[in-house]
Amino acid sequence: MNIKHMTLLAISALMASGTGYASPPAERQNLFNEFKQIESRSHQARIAILQEAEICIQQAQNREAYRACEEKEKAGREALREELKPQREALKAKFHAARQAATP
Numbered sequence: 000m001n002i003k004h005m006t007l008l009a010i011s012a013l014m015a016s017g018t019g020y021a022s023p024p025a026e027r028q029n030l031f032n033e034f035k036q037i038e039s040r041s042h043q044a045r046i047a048i049l050q051e052a053e054i055c056i057q058q059a060q061n062r063e064a065y066r067a068c069e070e071k072e073k074a075g076r077e078a079l080r081e082e083l084k085p086q087r088e089a090l091k092a093k094f095h096a097a098r099q100a101a102t103p
């Protein structure tokens with residue numbers, strides 16, 4: 000399971016009321032809003048990567064040029080993943096801190 004899925008599950012668990020780990024509603028909402036912002040940036044960046052790859056592929060004149068387009072797309076996805084990783088990890092840490100603070 001990747002960090003994105005773990006973060007989503009953690010936020011979902013925090014959002015669930017009636018658990019032993021409930022934190023104030025405002026804090027839960029703030030964490031969820033932060034999660035949505037990170038994911039929205041991720042989606043927009045992935046769309047841009049795909050659009051650039053499509054233009055490159057359409058302009059490719061041979062298999063080598065096509066492969067270069069695919070490699071550039073892959074590098075873009077990997078760079079985005081590395082760029083967002085600290086933000087997702089920070090959000091996960093905030094979740095765990097909120098969860099521990101709310102634990103009786």
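At position 93 of the sequence shown the residue is numbered 92 (numbering that gives the first Met the number 0), and the sequence of numbers has no breaks. C-beta atoms are modelled at their ideal positions from N, C-alpha and C, and glycine is treated no differently. None of the values given here were measured: they were computed from a predicted structure.
Own chain partners of residue i with C-beta closer than 6 Å, once the 5 adjacent residues on each side are dropped
i, result
"Pro85", "none"
"Arg62", "none"
"Leu79", "Ala44"
CB contact flag (residue i, residue j, <7 Å)
i, j, result
"Cys68", "Ala52", "yes"
"Leu83", "Ser41", "yes"
Own chain, CB closer than 7 Å to residue i, minus 5 neighbours either side, in chain order
i, result
"Gln99", "none"
"Gly17", "Caution is warranted here: a pLDDT of 45 is assigned to Gly17, below 50, making its placement in the model unreliable, and no coordinate value can be reported."
Cβ separation of residue i and residue j, assumed to be a contact under 8 Å, to the nearest whole Å
i, j, result
"Ile37", "Arg87", "6 Å"
- Segment contact flag, the segment 43 to 54 with the segment 62 to 76, C-beta cutoff 8 Å, min 3 pairs: yes
- Sufficient close CB pairs (3 or more, under 8 Å) joining the segment 25 to 39 to the segment 89 to 97: yes
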